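Residue numbers (our numbering), protein chains in the order written: chain X, 49 to 446; chain D, 121 to 323. We put the CB at the ideal spot given by N, CA and C, even for glycine. These figures come from a predicted structure and were not determined experimentally. Working notes for the structure below.
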Ligand SMILES: Cc1ncc(COP(=O)(O)O)c(C=O)c1O
Ligand code: FES
C-alpha cells in the first residue's frame, strides 16, 4: 500500500486542476500582448485573479501573483529595509521587525539577512502548544516597530494563531501586519478583511495546485516596492512574464477548495482523531506536539521516546508510508526542529518526532494501515536503541 | 519522466538498515570484555558497542551494538560489527569511517558524521578492554588537544566541524570561532583541517 501522509510538504494536483492545466497548455500567448493570443492569456490570468481574490475576500487589484510562497514572504520583509521614499513611509524610523521563532525558514532567514542590513529584528516566543505570547508582543510593540509578521498556521505542528487579535494590537501601535498563510488558506476560512492584515502570503502547491506559483495580498493604499524589477507586469509590482499556466492552476485550486473545503476539513479532523487515539492506545511514551484544538485538521506531530526521527521516516518509507521528520538530519543539518524547540520540548524529544499530514486523498484505510505499521516500527527502533527505557523516558513539553 | 530512485542511499546500506546485524539484545553487557559508549542524545545520536575478545590472540570474536541514531548510523554500525569480527584489536582500532563508508558503497558527505559514531564507540570499547585487563599502556587516548588557546577550540572540535561540512579555513572559523582573537593557531588549524578532510573525505 502506498500512503502519502506528507501533504504539508506538498499535495498532489486536484484532478480538476490537472484537467484545467492540460487544457491550458494550448494557451501560450503573453498576457501583455495586444493580439488575440495575448488577450486569451490575459483573460485567464484575470479570471484566476478574481477567483483567488474572492476566495480570501480581497479586491482583485490587491493581489500580486508571485513565483512561490517564499517569494511573497521575501517581498514583504524586504519592503521594510528599502530606503527609497516610494516605499513604506517612515520605515527608516520604524526599523524594527517582529516575527516569531516558529516561522518557515523563508521568513527566519530573510529576517536574519535584514538584521545584517540594519533592521532590528525581534523573535516572539511561543507557549508549549506553539501559540504566540501576546503579552510579549504587547511589550515589544513600540513606536520603532514597522512590521509584524506572524504565520497563520504552522507547517510542522499545525498550530493556528489568532491573527485577528494580533493584527488589532499591531495596528493600534501603527505598525503593518503580515501573515504567512501558506498552510492556512484553503484549509481554514481566511478573509483578509476580517483578519485586518495588510499583507498575506499564499501558495498553490499546498492546496492541490501546481508548484512554483503563489500570491501576495497587499492591502490597497499601502506603498510597495517590488522585489523583482524591470517589468510592468502585475501593475509594476512583480516583473517577469506571468506564469500563465501556474496562475490558471492556482485559480482552479481555490475554486475547488471553495467547494470542498468545509466537508473535507471535517472529515480530516475525524481521521486525525482516530489516528491520535490509535497511537495513544498502541504506543507508550509518546508526546503530541502542537495545539490540541487550534490546529490544522490534517496535521499531527508526535514524538516517540528513544526513537530517532529519520530512522522512523525511512522504516515507514520501506512500508510505503510517506511522513516527514522535524529533525532535519536528512537534509544535512543535525539541528532538531526549531519549531519543536521553541515549544519547549528538549532536543532529544525533538529528534524523535514525525509529522503526519493528511490531505483530501487520505482515507480511513490508510490511517488504519499506519496504525498497524507504526507500533511495530517504533518497537523495532526502540529495541535497538540506547535511549529507551520503558516508562522511564520523559517526553514532555515544558 | 524519470522514476523515483528506489532509495536515498545505496542498496547495501538499505540491506543493513532493513536487517541490522549484531544488535545487542537487552541492556546487559556483563558478558562482554569491552564496552564503549559515544555521542549524546541532545545531538540526536548515541552509540554503544560491546566486544568479546580472545585474550590469547587479542582477536575480536563478537561485536554487538545499540544506537539512538539515523539510518546511516544504524547501517554503518551494522556493517562495522561484521567487519571487525576476526580482526585483531589493533586492526579494528584502525578501521576508519572511510573504510566503513566504502563497504557501504559510499555515503553522502553530510552523512559521514552519523557513521563516525560507531567507529568511535568501537575504539572506546577496545580501550575499555585494555584498561580492564591491565594493559593501560595500550590505551590510545583520544584526548582532545587544545589548538586555539584564545577560544578554547580542540582538535576534536575541528574534526567535528569538518564532519559537519567545513572545508575551508574560513568555514572552520565560522563554525568554531577559532583563530578569531590572536590568530596564532592558524597554521596548526589549517594543517588539521587538511588532515581531517583527508581522513574523512579522502580530499
Ligand atoms: C508556512 C510556510 N510558508 C512558506 C512556505 C513556502 O512556500 P513555497 O513552497 O511556495 O515557496 C511553506 C512551504 O514549504 C510553508 O509551509
Ligand atoms: S590561539 Fe586561536 S585565536 Fe588565539
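Could you check what DSSP says for residue i in three-state terms: helix, strand or coil?
i, result
"residue 182/X", "helix"
"residue 209/X", "coil"
"residue 176/D", "coil"
"residue 370/X", "strand"
"residue 283/X", "helix"
"residue 95/D", "Nothing in the structure corresponds to residue 95/D, since chain D is present only between 121 and 323."
"residue 186/D", "strand"
"residue 311/D", "helix"
"residue 429/X", "helix"
"residue 415/X", "helix"
"residue 255/D", "coil"
"residue 53/X", "coil"
"residue 165/X", "coil"
"residue 95/X", "helix"
"residue 397/X", "helix"
"residue 276/X", "coil"
"residue 266/X", "strand"
"residue 152/X", "coil"
Rounded to whole angstroms, what is the Cα-Cα separation between residue i and residue j?
i, j, result
"residue 168/D", "residue 319/X", "39 Å"
"residue 134/D", "residue 368/X", "15 Å"
"residue 289/D", "residue 296/D", "10 Å"
"residue 232/D", "residue 152/X", "27 Å"
"residue 375/X", "residue 387/X", "Here residue 375/X scores only 49 on pLDDT, less than 50, and its place in the model is too uncertain to base an answer on."
"residue 62/X", "residue 278/X", "34 Å"
"residue 346/X", "residue 150/D", "47 Å"
"residue 218/X", "residue 266/X", "16 Å"
"residue 58/X", "residue 394/X", "28 Å"
"residue 276/X", "residue 290/X", "12 Å"
"residue 281/D", "residue 292/D", "6 Å"
"residue 224/D", "residue 278/D", "25 Å"
"residue 245/D", "residue 155/D", "4 Å"
"residue 230/X", "residue 412/X", "26 Å"
"residue 370/X", "residue 94/X", "37 Å"
"residue 409/X", "residue 236/X", "17 Å"
"residue 306/D", "residue 165/X", "30 Å"
"residue 119/X", "residue 205/D", "54 Å"
"residue 144/D", "residue 185/D", "5 Å"
"residue 261/X", "residue 285/X", "15 Å"
"residue 351/X", "residue 107/X", "43 Å"
"residue 402/X", "residue 363/X", "12 Å"
Can you name the residues of chain X whose CB is closer than 9 Å to the CB of residue i?
i, result
"residue 270/D", "Neighbours of residue 270/D on chain X: none; closest Cβ ~25 Å, over 9 Å."
"residue 324/D", "The shown model of chain D, from 121 to 323, leaves out residue 324/D, and the question about it has no answer."
"residue 143/D", "431 and 432"
Listing by chain order, which chain X residues have their CB less than 8 Å from the CB of residue i?
i, result
"residue 194/D", "359 and 432"
"residue 168/D", "434"
Give me the chain X residues within the contact set of residue i, using Cβ-Cβ distance strictly less than 7 Å, ordered along the chain.
i, result
"residue 191/D", "358, 359 and 362"
"residue 161/D", "396 and 435"
Using 10 angstroms around the beta-carbon of residue i, count the other beta-carbons present and answer buried if the total reaches 16, otherwise exposed.
i, result
"residue 340/X", "exposed"
"residue 322/X", "exposed"
"residue 254/X", "buried"
"residue 71/X", "exposed"
"residue 348/X", "buried"
"residue 122/D", "exposed"
"residue 259/D", "exposed"
"residue 366/X", "exposed"
"residue 155/X", "buried"
"residue 267/D", "buried"
"residue 307/X", "exposed"
"residue 407/X", "buried"
"residue 136/D", "buried"
"residue 373/X", "buried"
"residue 300/X", "buried"
Interface residues of chain D around residue i at Cβ under 7 Å?
i, result
"residue 163/X", "The contacting residues do not exist; residue 163/X stays about 17 Å from chain D at best."
"residue 458/X", "Absent from the structure is residue 458/X, since the part of chain X shown begins at 49 and ends at 446."
"residue 13/X", "No information on residue 13/X is available, as it lies outside the stretch 49 to 446 that chain X covers here."
Please list the partners that residue i has in chain C, where partner means a Cβ-to-Cβ separation under 8 Å.
i, result
"residue 140/D", "No chain C appears in this structure, whose protein chains are X and D."
For the 8 Å Cβ check, are there 3 or more pairs between the segment 59 to 77 of chain X and the segment 210 to 220 of chain X? no
Does the segment 419 to 435 of chain X come close enough to the segment 347 to 355 of chain X to have 3 or more Cβ pairs within less than 8 Å? yes
Taking contact to mean 3 or more Cβ pairs, one atom from each stretch, closer than 8 Å, check whether the segment 174 to 182 of chain X and the segment 240 to 253 of chain X are in contact. no
How do the segment 65 to 73 of chain X and the segment 410 to 427 of chain X stand: do at least 3 beta-carbon pairs fall below 8 Å, yes or no? no
Decide if the segment 180 to 193 of chain D is in contact with the segment 261 to 277 of chain D; the criterion is three or more beta carbon pairs, one per stretch, under 8 Å apart. no
Contact the segment 191 to 199 of chain X vs the segment 323 to 332 of chain X: 3+ CB pairs below 8 Å: no
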